[in-house]
Structure formats: C-alpha cells, structure tokens
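Here the structure comes first, spelled out in structure tokens, and everything after it is commentary.
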Amino acid sequence: RKEVEQDPGPFNVPEGATVAFNCTYSNSASQSFFWYRQDCRKEPKLLMSVYSSGNEDGRFTAQLNRASQYISLLIRDSKLSDSATYLCVVIGFPPNQAGTALIFGKGTTLSVSS
Amino acid sequence: DTEVTQTPKHLVMGMTNKKSLKCEQHMGHRAMYWYKQKAKKPPELMFVYSYEKLSINESVPSRFSPECPNSSLLNLHLHALQPEDSALYLCASSHPAGAGPDTEAFFGQGTRLTVV
Chain Y
1 RKEVEQDPGP FNVPEGATVA FNCTYSNSAS QSFFWYRQDC RKEPKLLMSV
51 YSSGNEDGRF TAQLNRASQY ISLLIRDSKL SDSATYLCVV IGFPPNQAGT
101 ALIFGKGTTL SVSS
Chain E
1 DTEVTQTPKH LVMGMTNKKS LKCEQHMGHR AMYWYKQKAK KPPELMFVYS
51 YEKLSINESV PSRFSPECPN SSLLNLHLHA LQPEDSALYL CASSHPAGAG
101 PDTEAFFGQG TRLTVV
C-alpha cells in the first residue's frame with residue numbers, strides 16, 4: 001500500500017464550481033499534513049497546512065480525520081487561476097528509514113475552464 | 001525571508017562529467033531535502049539531512065553524492081550520470097519534525113538537469 005494515496009483525477013470543472021480532493025495516508029504515526037500546489041514546470045508551493053480542527057483560507061478548506069487517516073481539500077468558487085496539480089503531503093516515516101521526510105501523494109490535476 | 005535558492009537553474013552535462021547542484025536557505029531550518037521529479041510525476045525523495053547529518057538515503061545510486069557543509073547549504077554532487085537521470089532536482093528545507101508546530105517545507109525553484 002502506498003504511503004499517501006490521492007484521487008487520480010484529472011478534474012475538469014467550470015469556473016465557479018466547487019471541487020473536493022481526497023487523500024489517505026497509511027502510517028498512523030504521521031505527524032503533519034499539508035496541501036501543496038504545483039504549477040507546470042514550477043516548484044511545489046505550500047497551499048495550506050491541515051489541522052484536526054479543520055482550517056479555512058478564503059475559498060479553500062482543509063480537513064483532517066486522524067481516526068480514518070483521511071485528508072481533504074475543498075475549493076469553492078473555482079477560478080481559472082486554480083488550475084494546477086494539488087499534492088497531498090504528509091510528514092512521515094519512509095519505509096526502513098530512521099528519519100522523517102515529506103511524503104507526497106501522486107497529485108491531482110485540476111483544470112478550471114471558462 | 002522564505003526563500004530557498006538553487007543553482008544552477010538549468011544544467012546540461014555529459015555522462016562523463018562531474019557537476020554539483022547547490023542549495024541555500026537562511027530560514028534557520030535544520031532539515032534539508034533533495035527530491036527528484038520527472039514529468040507528470042510527484043517529487044521522489046532522495047536524501048534528507050537533519051541537523052547536518054544524513055538521516056535518509058532512499059537507496060539512491062552512488063553517482064549521486066549529497067553533502068551538507070553547514071546548516072544553510074546543501075549540495076548534490078553528480079558523476080557519471082545516465083540519460084534517465086534527466087529530471088527536475090528540487091531542494092527543500094524545513095524545521096525538523098517534532099521541532100515545533102511549523103514544519104512545512106519550502107522548495108527551491110529546482111535545477112532542470114539534462115544528461116546527454
């Protein structure tokens with residue numbers, strides 16, 4: 001089983017739509033959770049951290065369910081500029097390693113059209 | 001300053017060349033990472049340094065050799081690479097896990113490497 005699994009996508013939505021991405025992680029000892037955004041040929045950039053209490057930043061809402069080992073990202077009122085790949089990232093323990101690292105899901109591609 | 005600076009931005013090298021990728025941050029982060037990313041794939045972990053010591057090596061071939069000379073710098077030495085090593089190499093830094101609540105990582109713009 002992969003450490004971090006995401007919806008495969010791609011998601012193609014019209015402007016103004018609400019879209020939700022889901023992610024699950026396999027290691028219950030994972031410590032911190034994030035959504036990153038990556039534009040084509042650019043580096044990943046932090047979109048938001050994810051907390052157990054849920055957190056919101058404008059049109060973006062992130063949720064964490066530790067019991068289910070599940071993370072979500074909701075984007076409301078999609079804009080053309082939201083088109084990107086969204087990466088679910090967990091700080092966890094790579095197999096057979098003593099240290100921790102950012103472990104990435106495969107990413108979900110979002111395309112917002114007018 | 002939340003910047004991670006990587007040099008060079010682009011690199012073309014032959015299979016017999018030796019080159020180095022450099023990464024620098026001044027955020028006081030004591031965890032630094034190298035990732036490799038191929039097109040349409042997520043970043044793939046290569047190495048992690050924590051407090052200037054190598055804490056993770058994800059079975060990376062020895063033609064890639066990391067170095068962390070101090071808490072602000074991270075290098076990746078390249079030697080005898082293969083064409084399939086062509087990729088975007090990303091450096092990132094963060095506070096080490098467990099060192100506090102703010103453990104998000106910041107990425108450099110990457111070095112786009114082509115091996116010919």
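Just so you know, the protein sequences line up as chains Y and E, in that order.
Numbering of the first sequence is given in the numbering used here, commencing with residue 1 and proceeding in unit increments.
Numbering of the second sequence is given in the numbering used here, commencing with residue 1 and proceeding in unit increments.
Backbone N, C-alpha and C define an ideal beta-carbon position, used for all residues, glycine too.
Beta-carbon spacing of residue i, residue j below 7 Å
i         : j         : result
E/Thr-103 : Y/Ser-52  : no
E/Ser-121 : E/Leu-113 : Lying before the first or after the last residue shown, residue 121 of chain E is absent from chain E, which here runs from 1 to 116.
E/Val-48  : Y/Gly-99  : yes
Y/Ala-62  : Y/Leu-46  : no
Y/Gly-92  : Y/Ser-28  : no
E/Lys-42  : Y/Phe-104 : Checking the sequence shown, residue 42 of chain E turns out to be Pro, not Lys. Yes; because the gap between Cβ atoms is below 7 Å, this pair is in contact.
E/Leu-73  : E/Glu-24  : yes
Contacting residues, own chain, Cβ-Cβ under 7 Å from residue i (five flanking each side not counted)
i         : result
Y/Ser-83  : Leu-110, Ser-111, Val-112
E/Lys-19  : Leu-11, Met-13, Leu-78
E/Ser-50  : Arg-30, Ala-31, Pro-96
E/Glu-67  : Asn-75, His-77
Y/Lys-79  : Glu-15, Val-112
E/Gly-110 : Gln-6, Leu-88, Tyr-89, Leu-90
E/Phe-64  : Met-46, Leu-76, Leu-78
Y/Tyr-36  : Pro-44, Lys-45, Leu-46, Leu-47, Leu-87, Val-89
E/Lys-38  : Ala-87
Pick from the options that is closest to residue i, judged by C-alpha positions
i         : options                                   : result
E/Glu-84  : E/Met-15, E/Ser-65, E/Thr-111, E/Pro-42   : E/Met-15
Y/Cys-40  : E/Lys-22, E/Val-115, E/Leu-88             : E/Leu-88
E/Arg-30  : E/Ser-86, E/Pro-69, E/Met-46              : E/Pro-69
E/Phe-106 : Y/Thr-24, Y/Arg-59, Y/Gln-38              : Y/Gln-38
Y/Arg-76  : Y/Ala-17, Y/Val-4, Y/Val-89, Y/Asn-55     : Y/Ala-17
E/Asn-17  : E/Ser-94, E/Ser-93, E/Leu-81, E/Ser-59    : E/Leu-81
E/Met-27  : E/Val-116, E/Gly-108, E/Ser-93, E/Val-115 : E/Ser-93
Residue i - partner residues in DSSP beta bridges
i         : result
Y/Arg-37  : Y/Lys-45, Y/Tyr-86
Y/Val-19  : Y/Ile-75
E/Lys-22  : E/Thr-7, E/Asn-75
E/Phe-107 : E/Ala-92
Y/Thr-61  : Y/Glu-56, Y/Leu-74
Y/Leu-80  : Answer by DSSP bridge pairing: none, since Y/Leu-80 is not bridged.
E/Tyr-49  : E/Met-32, E/Leu-54
E/Thr-114 : E/Val-12
Y/Tyr-25  : Y/Val-4
Residue-level contact to chain E via CB, residue i, 7 Å cutoff
i         : result
Y/Pro-44  : yes
Y/Lys-2   : no
Y/Ala-101 : yes
Y/Gln-97  : yes
Y/Phe-34  : yes
Y/Gln-63  : no
Y/Ser-49  : yes
Y/Arg-9   : One detail in the question is off: residue 9 of chain Y reads as Gly in this sequence, not Arg. It does not: the Cβ of Y/Gly-9 has no partner Cβ on chain E nearer than 7 Å.
Y/Gly-107 : yes
Y/Phe-157 : The shown model of chain Y, from 1 to 114, leaves out residue 157 of chain Y, and the question about it has no answer.
Any chain Y beta carbon closer than 7 Å to residue i
i         : result
E/Leu-90  : yes
E/Leu-21  : no
E/Gln-25  : no
E/Ser-55  : yes
E/Glu-67  : no
E/Ser-93  : no
E/Glu-104 : yes
E/Gln-82  : no
E/Pro-43  : yes
Own chain residues within Cβ distance below 6 Å of residue i, not counting five before or after
i         : result
Y/Thr-108 : Gln-6, Asp-7, Gly-9, Phe-21, Tyr-86
Y/Ser-49  : Phe-34
Y/Asn-55  : Ala-62
Y/Pro-94  : Ala-101
Cβ-heavy atom distance, residue i to the ligand SAM, below 6 Å
i        : result
E/Leu-88 : The ligand SAM is not part of this structure, which contains no ligands at all.
Beta-carbon proximity list for residue i, same chain, < 8 Å, skipping 5 on both sides
i        : result
Y/Ser-68 : Thr-24
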